[in-house]
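In terms of numbering that gives the first Met the number 0, the first sequence opens at residue 0 and continues consecutively. Notes follow once the structure below has been shown.
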Amino acid sequence: MVQPLWTITMNLLSLLKQRFSTALSGLVDSPTDYLPLIRPAGDPKFGDYQANCAMPLAKVLGKPAKDIAGEIVSRLDVNDICHPPEIAGPGFINLKFKDEFLLQQFVAATIDERVGVEKSSNPQTVIIDYSSPNVAKPMHVGHLRSSVIGAALDKLFRFLGHHVTSDNHIGDWGTQFGRIIYGYKNFLDEAAYNTNPVGELSRLYRLVNQLSDYHELKTGLPKLEATVAELTDNLATAEAAPLDKKDKAAAQKLKDLRNALTAAKEEVVSAKSKIASVESNADLSAKAQAHPEIARLARVETAKLHQNDAENLALWHKFLPECLKAMDQVYDRLDIKFDMTLGESYYQPMLADVVSDLEKRGLAKESQGAMCVFIEDNSAPFIVRKADGAYTYATTDLATIQDRVERLHANTILYVVDARQSEHFQLLFKTAALWKYPHATLKHISFGTVMGEDRKPYKTRSGDTVGLESLLDEAVVRAKAIVEENESLKRDEDAKLSSDDIQLIAQRIGIGGIKYADLKHHRESDYVFNWDKMLAKKGDTATYIQYAYARVCSIFRKGNIDREQLRHDKSFKLTLTEPLERAMVIKILRFEEILEDAAADYRPNILCQYLFEIADLFSAFFDQHHVLNADNETVKKSRLKLCDITARVMNQGLGLLGIETIEQM
RNA sequence: GCACUCGUAGCUCAAUUGGAUAGAGCAUCGGUCUUCGGAACCGAGGGUUAUAGGUUCGAAUCCUAUCGAGUGCACCA
């Protein structure tokens with residue numbers, strides 16, 4: 000027997016595209032241009048999918064769009080899968096699948112290990128560069144988005160069959176090591192180091208920073224205060240001048256002055272408080288007096304390290320493993336694993352050659368003592384070697400591209416880095432293309448800021464950045480309180496939990512809540528961090544989806560259903576008796592389409608929205624229709640299969656986001 | 001000064017990249033409960049998509065101007 004064409008795909012959209020491609024090929028030169036205009040219907044009343052090709056073709060073909068739509072439909076062969084297409088409005092072609100076809104596809108998906116998602120036919124070798132903290136500085140909220148978005152894309156691309164290598168491009172060669180080394184040589188508490196090396200290093204880092212800042216602020220304060228005075232005068236003069244509403248430049252200047260004054264005042268306040276915090280402490284004050292040149296000397300330590308000074312290099316080798324161990328603890332909690340952790344230090348031996356090669360090719364030129372690549376239409380140069388002879392992160396990034404392309408054979412490199420560095424990446428990518436790699440796909444996957452309720456970067460109440468570990472701790476503590484509170488409200492005695500369960504659930508809900516809150520937003524936008532919203536029991540949260548998943552599992556538990564056996568049970572004919580069931584089947588069959596959309600634009604929020612919609616559909620279905628007590632055995636088994644695959648899609652989808660499910664919560 | 005990003009419901013955000021009546025969640029108001037987990041479900045109100053023009057069959061999306069917010073601008077990464 001010949002298999003019908005549609006058994007080879009469970010992707011509804013790509014199947015329709017194939018059919019339209021055939022239909023359009025006699026009409027237009029390049030049918031592929033019009034295939035993206037086939038998309039899910041905007042409104043269920045228009046059917047399941049719609050094709051918007053006719054309108055743009057009206058101009059090309061010089062005929063009314065409705066006539067073209069008619070012509071496309073007459074050429075279109077979808078009888079086996081769809082009801083007769085309808086033409087509506089200016090020339091929309093509306094398509095609705097036959098239930099029989101949907102059920103065939105559905106069966107194929109239920110028995111498929113990958114719930115109907117095929118691997119890419121064109122797998123890419125992708126390096127995903129994300130998280131990338133500076134070692135020895137504790138990780139903070141700033142690292143959250145890169146880590147969470149990066150890990151989600153990592154899992155997504157892998158699942159789609161690409162050859163992914165995740166790389167944590169850590170800062171392990173920067174100025175922070177000079178500070179730590181200086182601290183270690185001058186302020187070490189040996190006992191503390193022996194019990195908790197990273198804690199002590201981190202204390203030393205903060206101490207050296209604080210003392211350096213102290214001296215800098217102390218010398219800078221008079222100037223800062225003078226600036227405030229000057230701005231105050233200028234503002235007074237400007238405000239005294241007669242206000243001409245038409246003079247926009249003057250109005251703008253006035254506003255700029257006010258903003259500058261506010262900023263300068265804040266700076267003075269902050270400086271004074273930092274100075275006071277040192278001077279009010281006898282120990283700190285004494286240390287500050289004893290180390291007036293601390294900032295310069297710390298830089299000297301960095302320079303010595305970079306020149307392979309034996310002592311500093313030994314210290315670096317001593318510190319680094321401890322720092323990495325501490326980092327891994329955080330990654331364990333976030334369930335993130337890297338294939339490689341090649342920090343800046345790894346690329347150091349290559350930098351001199353990178354610069355000389357750029358020079359040889361005439362790309363890099365000397366300017367004001369520094370070696371620079373000038374990119375057209377960019378005023379700022381791309382500095383690959385500073386006037387003092389040191390290399391910059393630009394150089395390291397170029398060496399990194401070289402290594403990834405030549406040694407690891409990457410054809411795509413994704414940088415999950417915040418939006419503020421977009422200019423750097425533009426210059427980097429242009430330079431790389433001019434240099435040796437015009438064919439590598441280099442993408443900056445930029446993302447916005449995590450903000451507090453005040454719409455400024457998220458800080459603690461005292462104004463410090465929030466440490467990532469304490470953030471995770473708080474999430475779990477808050478989640479646990481919610482789980483415990485809910486436990487006491489439960490109606491269903493069977494659903495009661497042990498205290499071990501509660502701890503595990505609190506972890507999955509807490510960490511999942513943080514991740515979901517981050518991923519559900521468009522990555523380019525800034526978003527406001529809000530505990531209550533991300534852990535809320537209702538609404539568009541990880542918890543809601545996790546709860547829907549737990550409810551499905553509860554059906555199987557109560558009914559003593561062997562899900563594996565169920566999947567291969569062919570002793571009955573599937574039926575769809577309710578519109579909600581049909582909606583769920585279509586939604587499930589769209590899983591691959593959604594994953595591809597999410598991957599195409601590197602946007603986990605597309606997947607989040609999809610998972611929420613599935614959970615929402617399931618919750619409505621669960622409320623309105625019975626599974627275990629269905630009218631007859633056929634309906635019951637059909638619904639059980641639907642429940643099984645719904646659960647698998649939710650589990651798989653959440654898994655790709657790095658969010659774990661729980662069978663009971 | 002230059003460059004980039006953004007402005008959508010009271011709040012937090014979407015909108016398949018130019019498609020049909022701009023959608024969710026929260027909050028508000030109303031409803032559902034003796035059945036598989038109420039961390040639930042159903043419904044209602046709420047919008048001149050910052051403003052003004054323009055482009056076209058069609059604009060939150062594209063172009064221009066204005067207003068407002070943010071970010072980045074040689075030797076930190």
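The beta-carbon is built from N, C-alpha and C at its ideal position, and this holds for glycine as well. Model, not experiment: these values are computed from the prediction.
In the structure shown, what three-state DSSP assignment does residue i receive?
{"i": "M0", "result": "A caution first: M0 carries a pLDDT of 39, below 50, which makes its placement in the model too unreliable to give a value."}
{"i": "N93", "result": "strand"}
{"i": "W5", "result": "Low confidence applies to W5: its pLDDT is 46, below 50, so where it sits in the model is not reliable, and the reading given next is rough at best. Reduced to three states, the DSSP call for W5 is helix."}
{"i": "H438", "result": "coil"}
{"i": "E682", "result": "A question about residue 682 goes unanswered here, because the residues of the chain that appear run from 0 up to 664."}
{"i": "R490", "result": "coil"}
{"i": "N78", "result": "coil"}
{"i": "M138", "result": "coil"}
{"i": "P578", "result": "helix"}
{"i": "A646", "result": "helix"}
{"i": "P132", "result": "coil"}
{"i": "G170", "result": "strand"}
{"i": "S469", "result": "helix"}
{"i": "H305", "result": "helix"}
{"i": "M349", "result": "helix"}
{"i": "A262", "result": "helix"}
{"i": "G61", "result": "coil"}
{"i": "L639", "result": "helix"}
{"i": "F555", "result": "helix"}
{"i": "P122", "result": "coil"}
Candidates the options: which alpha carbon is nearest residue i's?
{"i": "A108", "options": "I587, C607 and K184", "result": "I587"}
{"i": "G88", "options": "S344, Q103, D66 and D76", "result": "D66"}
{"i": "L11", "options": "R74, Y457 and A40", "result": "A40"}
{"i": "I127", "options": "L200, T399, L471 and L34", "result": "T399"}
{"i": "R507", "options": "E473, F555 and G90", "result": "E473"}
{"i": "E266", "options": "L220, F528 and E99", "result": "L220"}
{"i": "K336", "options": "Y543, A598, R419 and S130", "result": "S130"}
{"i": "E684", "options": "S146, F318, T124 and N311", "result": "Not covered by the structure: residue 684. The range shown for the chain is 0 to 664."}
{"i": "L75", "options": "A516, G61 and A50", "result": "A50"}
{"i": "E70", "options": "C81, G90 and N78", "result": "G90"}
{"i": "K532", "options": "I513, H521 and N410", "result": "I513"}
{"i": "Y414", "options": "D166, R589, A135 and Y48", "result": "D166"}
{"i": "I366", "options": "K385, A351, K435 and S355", "result": "Reading off the sequence, residue 366 comes out as Ser, not Ile. Minimum Cα distance to S366 is reached at K385."}
{"i": "T395", "options": "A379, S344 and S378", "result": "S344"}
{"i": "M339", "options": "K359, R403 and S284", "result": "R403"}
{"i": "A363", "options": "A393, A494 and Q502", "result": "A393"}
Just to confirm before moving on: does the CB-CB distance between residue i and residue j stay below 8 Å?
{"i": "K217", "j": "I293", "result": "no"}
{"i": "P132", "j": "I169", "result": "yes"}
{"i": "I544", "j": "L653", "result": "yes"}
{"i": "V197", "j": "V465", "result": "no"}
{"i": "A237", "j": "K222", "result": "no"}
{"i": "K636", "j": "L627", "result": "no"}
{"i": "R298", "j": "G177", "result": "yes"}
{"i": "L397", "j": "V383", "result": "yes"}
{"i": "S119", "j": "L60", "result": "no"}
{"i": "L333", "j": "S201", "result": "no"}
{"i": "M9", "j": "G115", "result": "yes"}
{"i": "T645", "j": "M583", "result": "yes"}
{"i": "T152", "j": "Y548", "result": "Inspection of the sequence shows that residue 152 is occupied by Leu rather than by Thr. Not in contact: L152 and Y548 (Cβ atoms no closer than 8 Å)."}
{"i": "L606", "j": "A614", "result": "no"}
Along the chain, where does the beta strand (DSSP E) containing residue i start, and where does it finish?
{"i": "E85", "result": "E85 to A87"}
{"i": "F381", "result": "F381 to R384"}
According to DSSP, what are the bridge partners of residue i?
{"i": "I444", "result": "V415"}
{"i": "S165", "result": "I127"}
{"i": "V372", "result": "A363 and F381"}
{"i": "A50", "result": "I37 and I92"}
{"i": "V527", "result": "M450"}
{"i": "T464", "result": "K458"}
{"i": "M339", "result": "D166"}
What first and last residue would you give for the alpha helix (DSSP H) that runs through residue i?
{"i": "Y183", "result": "T174 to F186"}
{"i": "H214", "result": "P196 to A239"}
{"i": "K16", "result": "L11 to S24"}
{"i": "I399", "result": "Looking at the sequence itself, residue 399 is Thr, so the reference to Ile does not match. Looking at the DSSP string, the run of the alpha helix (DSSP H) that includes T399 is Y392 to E405."}
{"i": "Q328", "result": "A309 to L333"}
{"i": "R507", "result": "S498 to K519"}
{"i": "S618", "result": "P603 to Q623"}
{"i": "K286", "result": "A281 to A289"}
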